[in-house]
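Here the structure comes first, spelled out in structure tokens, and everything after it is commentary.
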DNA sequence: CATGAATGAGGGTTCATTCAT
DNA sequence: AATGAATGAACCCTCATTCAT
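Chains as they are written, first to last, in this note's numbering: chain G, 16 to 223; chain U, 16 to 223; chain Z, 16 to 223; chain P, 16 to 223.
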């Protein structure tokens with residue numbers, strides 16, 4: 016891919032995440048990417064197709080997770096959950112801007128193409144995690160749980176944290192814009208919390 | 016408050032939730048509310064102040080929860096958690112449009128006034144739930160948990176479900192626009208899931 | 016109708032006639048009419064609807080002709096043809112800009128609405144003239160002629176003259192921009208020519 | 016001339032006739048001709064020069080008529096008129112797209128070069144026909160007529176018919192896009208009409 | 001000789017807001 | 001108190017053209 020194209024995508028990602036799709040003008044993007052205004056139409060056709068290209072470009076960021084997990088056939092179900100959490104949290108924090116776009120800005124897009132792409136991403140995530148839970152249940156390690164809502168709790172917790180950055184900066188007394196420190200403090204906490212939460216949830220025998 | 020004012024606020028809520036703040040024009044709102052275009056500036060000053068008015072108007076929707084809980088001093092900590100979940104899920108589903116605005120559209124607003132309002136709402140929610148957990152811990156009923164992230168899991172789970180309506184319609188095989196059936200099926204499931212999740216999480220002794 | 020609206024229509028007529036629809040920008044029109052650019056959308060909705068409004072506004076300019084003719088029931092068929100020519104030539108020269116738009120610019124418009132309006136105008140003209148010819152034939156004054164093509168000759172001759180202004184300025188050695196002199200010289204010539212042409216054409220017995 | 020050059024001219028003619036000069040973009044032309052966008056500037060210099068090239072390329076289409084007529088010195092003046100009509104109608108219908116461009120799209124072009132070319136074409140047509148009429152008058156076969164306006168009636172009638180295709184399709188009940196049938200029906204009618212019209216007009220003694 | 005990449009200018013339209021009434 | 005008219009700014013997109021390769 017050409018440098019400019021990638022540069023535009025980067026700028027679009029930053030601005031869409033920060034100001035939303037409707038709140039970002041193609042002038043903003045062109046200005047941020049330091050390219051001519053007409054280049055956006057030239058490369059992508061339209062503002063909406065630019066978004067679609069961005070989604071396609073970044074959507075693979077969670078795709079590799081399940082394959083990484085599949086490699087380790089020796090892991091126990093709980094070890095798999097732990098690894099799943101490690102992988103997901105890392106991936107999402109490494110792609111926090113795109114994750115922000117997907118979770119907060121895509122839902123209002125009215126384009127059917129965008130809606131379809133988003134549904135696919137969510138569905139894929141759901142299926143990936145379901146597989147692991149079902150596997151644990153087959154091995155009699157996990158109890159009976161609501162599969163979809165358990166997934167919702169995992170994803171929802173991560174999303175909640177990433178979308179309320181300002182709040183957690185305040186809670187942890189971290190000065191703004193020191194993102195490195197923020198991540199260093201928060202990520203381990205988040206991983207530990209999710210692992211504990213799921214360990215308790217999945218092992219608990221709800222019928223006793 | 017005059018009828019027209021309330022009517023405008025209702026329309027704004029519907030449209031902001033559906034299309035976002037930037038995606039909704041004052042013409043849309045005026046058209047939907049069947050009022051003159053100039054009325055919006057006339058009553059509220061500006062589009063942004065209209066949003067602020069809307070937030071102020073609706074923000075109290077969770078305020079009553081903690082007071083309701085405080086009445087029942089006889090409840091056990093787990094019963095309080097259960098009741099908290101019941102109250103939150105009901106409140107959020109009854110105010111799903113405003114909840115959608117708060118969780119997905121407000122975060123991108125650049126106005127400091129709006130940001131402050133939003134932070135207050137989130138902070139208030141956090142504090143409300145923290146109180147109950149701390150109370151349970153004092154009574155040696157709840158184990159040691161990450162307070163803030165436990166709250167994030169509760170709120171995140173609910174938000175995840177409400178913001179992925181389309182996905183859950185598909186999962187539960189409910190025909191679109193039959194919102195009544197959707198709520199009837201999903202709300203009990205969600206409450207049960209959250210109660211189980213928290214019961215396990217809070218009672219589990221993570222140090223053993 | 017408001018002054019501004021009429022002013023915009025006038026400017027649009029002048030510019031469309033001179034430069035065509037595609038060759039005229041709404042900025043041109045706004046500048047010529049000395050109104051704000053957004054007024055065009057405000058009053059007419061779009062550039063194309065402005066054209067449609069212009070057509071509707073001016074289309075009646077030939078409508079009155081047949082009624083004027085109908086009043087004089089005493090006229091002979093040839094006198095009616097003569098009067099028809101007088102009326103048409105006068106009307107078209109008095110509305111030369113709009114006539115120019117209809118004959119040279121509307122045919123390429125791709126909008127179905129515009130196409131329909133144009134077809135109606137042409138069809139009306141055709142029917143008006145046909146009535147008179149048929150009446151003359153019934154009275155055994157006119158011979159058998161191809162009705163539609165006879166009308167085409169009348170309209171085509173006038174259009175040819177109006178659309179080749181520059182050529183006829185040269186032929187008659189009239190300095191440019193002296194439109195008054197041009198009309199004074201050309202109109203009588205054109206009327207006489209058409210009357211002679213039709214007198215010969217309609218009275219000639221083509222079967223002998 | 017290279018194949019590509021000719022191909023571009025063909026595409027330009029088709030599109031200019033259909034959508035006008037301003038309504039056709041060089042992208043349209045490049046796309047229709049299946050050549051690179053930059054080729055058009057490369058070969059012709061600019062869009063306007065492309066039009067000039069097209070005119071030059073096609074303008075000779077009426078030039079041969081007078082020469083063909085000149086060959087037959089044996090013909091009577093009326094036979095010459097008849098032949099003139101046959102030749103003109105055929106030529107115009109065989110070059111209907113270019114004729115359309117000349118009569119409806121060139122008049123609005125503001126370029127002096129284009130205006131000059133167009134004036135030359137019209138002037139040439141005028142002179143060609145004048146010669147024949149003058150010859151007939153010298154031979155005391157034709158009466159006194161307005162030369163220029165007689166030519167205007169000939170050209171105007173043909174143009175009127177070709178520019179109102181849709182109308183005549185409707186009148187003759189011919190299904191759209193069956194151009195072959197349309198031509199087969201209309202051309203003989205038009206020739207006959209014009210011959211009758213001119214025979215009557217030219218032979219009629221307007222002073223008696 | 002031919003072309004993909006790039007650009008400045010301008011296209012039509014919609015925006016939130018204001019102002020005279 | 002309420003509104004139709006009006007506006008300047010900004011929107012996204014396409015234009016004809018150029019230039020390095």
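Backbone N, C-alpha and C define an ideal beta-carbon position, used for all residues, glycine too. Note that this is a predicted model, so its numbers are computed, not measured.
Alpha-carbon spacing of residue 97(U) relative to residue 210(U), whole angstroms: Here the question's residue 97(U) lines up with position 82 in the second chain. Here the question's residue 210(U) lines up with position 195 in the second chain. Looking at the two C-alpha atoms, the distance is approximately 6 Å.
Is the CB of residue 170(Z) under 7 Å away from at least one CB in chain P? Position 155 of the third chain, counting from 1, holds the residue named residue 170(Z). For residue 170(Z), the answer is yes, since a Cβ of chain P falls inside 7 Å of its Cβ.
So the alpha helix (DSSP H) residue 194(P) belongs to, where does it begin and stop? For the purposes of this step, residue 194(P) is taken as the residue at position 179 of the fourth chain. Here the alpha helix (DSSP H) through residue 194(P) covers 194-218.
Are residue 107(Z) and residue 173(Z) closer than 7 Å when you measure CB to CB? Counting from one through the third chain, the residue named residue 107(Z) turns up at place 92. Counting from one through the third chain, the residue named residue 173(Z) turns up at place 158. Going by C-beta atoms, residue 107(Z) is nearer than 7 Å to residue 173(Z).
Which bits of chain P does residue 47(Z) rub up against, with CB to CB less than 7 Å? If you number the third chain from 1, residue 47(Z) lands on position 32. What residue 47(Z) touches in chain P: nothing, since even the nearest Cβ is about 16 Å away.
Check whether the Cβ atoms of residue 17(G) and residue 48(G) sit closer than 7 Å, and answer yes or no. The count along the first chain starts at 1 and reaches residue 17(G) at position 2. The count along the first chain starts at 1 and reaches residue 48(G) at position 33. No, they are not a contact pair.
Are residue 72(U) and residue 30(U) touching if we call contact CB-CB under 7 Å? Within the second chain, the letter at position 57 stands for residue 72(U). Within the second chain, the letter at position 15 stands for residue 30(U). Not closer than 7 Å, so no.
According to DSSP, simplified to helix, strand and coil, what is residue 223(G)? In the first chain, counting from the first residue as 1, residue 223(G) sits at position 208. The predicted model places residue 223(G) with a pLDDT of 42, which falls under 50 and marks its position as unreliable, so this point remains unresolved.
Strictly under 7 Å for the Cβ-Cβ distance: is residue 137(G) near chain U by that measure? Position 122 of the first chain, counted from the first residue, corresponds to residue 137(G). Yes, residue 137(G) lies at the interface with chain U (some Cβ there is under 7 Å from its Cβ).
Rounded to a whole number of angstroms, what is the C-alpha to C-alpha distance between residue 205(G) and residue 80(U)? Counting from 1 along the first chain, the entry for residue 205(G) is found at position 190. Counting from 1 along the second chain, the entry for residue 80(U) is found at position 65. Taking the straight line joining both Cα atoms gives about 27 Å.
Does DSSP put residue 88(U) in a helix, in a strand, or in coil? By 1-based counting over the second chain, the position of residue 88(U) is 73. The three-state reading of DSSP puts residue 88(U) in coil, since its state is none of H, G, I, E or B.
Any idea what DSSP makes of residue 36(P), helix, strand or coil? Taking the fourth chain and counting its residues from 1, the one referred to as residue 36(P) is at position 21. Residue 36(P): coil per DSSP, three-state reduction.
With a threshold of 16 other CB atoms inside 10 Å of the CB of residue 153(U), please say whether the residue is buried or exposed. For the purposes of this step, residue 153(U) is taken as the residue at position 138 of the second chain. With fewer than 16 other Cβ atoms within 10 Å, it is exposed.
By Cβ distance, which residues of its chain are closer than 6 Å to residue 223(U), with the 5 residues on each side in sequence left out? Taking the first residue of the second chain as 1, we reach residue 223(U) at position 208. Its pLDDT being 43, under 50, residue 223(U) is placed unreliably in this model, and the value from its coordinates should be taken loosely. Answer for residue 223(U): no residue qualifies.
Which class does residue 31(P) belong to by DSSP, given the choice of helix, strand or coil? Your numbering for residue 31(P) matches position 16 in the fourth chain. Note: residue 31(P) maps to helix in three-state DSSP.
Give every residue of the same chain whose Cβ lies closer than 8 Å to the Cβ of residue 88(U), excluding the five residues on either side of it in the sequence, and list them in chain order. Taking the second chain and counting its residues from 1, one reaches residue 88(U) at position 73. So no residue of the chain qualifies.
Run of the alpha helix (DSSP H) containing residue 43(P), from where it starts to where it stops: On the fourth chain, position 28 is the one that residue 43(P) refers to. Its alpha helix (DSSP H) spans residues 41-48.
From residue 164(U) to residue 182(G), what distance separates their C-alpha atoms? For this step, residue 164(U) is matched to residue 149 along the second chain. For this step, residue 182(G) is matched to residue 167 along the first chain. Going by the C-alpha atoms only, they are around 12 Å apart.
Give me the chain G residues within the contact set of residue 205(U), using Cβ-Cβ distance strictly less than 7 Å, ordered along the chain. For the purposes of this step, residue 205(U) is taken as residue 190 along the second chain, with counting starting at 1. The answer, in chain order, is 164.
On a Cα-Cα basis, can you pick out the residue from 141(P), 70(P), 20(P) that is closest to residue 57(P)? If you number the fourth chain from 1, residue 57(P) lands on position 42. Nearest of 141(P), 70(P), 20(P) to residue 57(P), Cα basis: 20(P).
Alpha helix (DSSP H) segment containing residue 59(G), residue limits: If you number the first chain from 1, residue 59(G) lands on position 44. In the DSSP assignment, residue 59(G) falls within the unbroken alpha helix (DSSP H) covering 52-59.
Backbone CA spacing between residue 40(Z) and residue 136(Z) [nearest angstrom]: Here residue 40(Z) refers to the residue found at position 25 of the third chain. Here residue 136(Z) refers to the residue found at position 121 of the third chain. Cα to Cα, residue 40(Z) sits roughly 26 Å from residue 136(Z).
Check this for me: beta carbons of residue 208(U) and residue 215(G), under 7 Å apart or not? Residue numbering aside, residue 208(U) sits at position 193 when the second chain is read from its first letter. Residue numbering aside, residue 215(G) sits at position 200 when the first chain is read from its first letter. Cβ atoms of residue 208(U) and residue 215(G): not closer than 7 Å.
Three-state secondary structure (DSSP) at residue 160(P)? Position 145 of the fourth chain, counted from the start, is the residue given in the question as residue 160(P). Three-state DSSP puts residue 160(P) in coil, outside helix and strand.
DSSP state of residue 22(G), grouped into three classes? Mapped onto the first chain, residue 22(G) falls at position 7. Reduced to three states, the DSSP call for residue 22(G) is helix.
Mind checking residue 53(G): buried by the 16 CB within 10 Å criterion, or exposed? Taking the first chain and counting its residues from 1, one reaches residue 53(G) at position 38. Residue 53(G) is exposed by the Cβ-count criterion.
Can you tell which of 141(G), 110(G), 203(G), 150(G) has the C-alpha that lies nearest to the C-alpha of residue 178(G)? Along the first chain, read from residue 1 onward, the residue named residue 178(G) stands at position 163. Relative to residue 178(G), the option among 141(G), 110(G), 203(G), 150(G) whose CA is nearest is 110(G).
From which residue to which residue does the alpha helix (DSSP H) around residue 190(P) run? As a first step, residue 190(P) is located in the fourth chain; it is residue number 175 there, counting from the start. Counting along the chain, residue 190(P) falls outside any alpha helix (DSSP H), and DSSP gives it neither H nor E.
Let me see if you follow: with CB-CB separation under 7 Å, is residue 122(G) close to chain U or not? Residue mapping note: residue 122(G) aligns to position 107 of the first chain, counting from 1. It does; some Cβ of chain U falls within 7 Å.
I'd like the list of long-range same chain contacts for residue 6(U), defined as Cβ closer than 6 Å, with 5 residues on each side in sequence excluded. A query on residue 6(U) cannot be resolved here, the shown segment of chain U reaching from 16 to 223 and no further.
Chain U contact for residue 29(G) (CB, 7 Å cutoff): Looking up residue 29(G) in the first chain gives position 14. Answer no: the Cβ-Cβ gap between residue 29(G) and chain U never drops below 7 Å.
At 9 Å on the CB atoms, spell out the chain U contacts of residue 119(G), in chain order. Mapped onto the first chain, residue 119(G) falls at position 104. Residues of chain U passing the Cβ test: 118, 119, 120, 122, 123, 178.
Which chain G residues are close to residue 174(U), counting only those with a beta carbon under 8 Å from its beta carbon? What you label residue 174(U) is simply residue 159 of the second chain in a count that begins at 1. Residues of chain G passing the Cβ test: 171, 174, 175.
Residue from 55(P), 193(P), 171(P) with nearest C-alpha to residue 114(P): Taking the fourth chain and counting its residues from 1, the one referred to as residue 114(P) is at position 99. The option with the nearest alpha carbon to residue 114(P) is 171(P).
Answer with yes or no whether the minimum CB distance from residue 72(U) to chain G is below 7 Å. Reading the second chain from its first residue, position 57 is the one you call residue 72(U). Judged by the 7 Å Cβ criterion, residue 72(U) is not in contact with chain G.
Can you list, in chain order, the residues of its chain with a C-beta nearer than 8 Å to that of residue 201(P)? Leave out the 5 residues immediately preceding and following it. Stepping through the fourth chain from its first residue, residue 201(P) is reached at position 186. Excluding residues within five positions, the ones whose Cβ falls inside 8 Å are 176, 183, 187.
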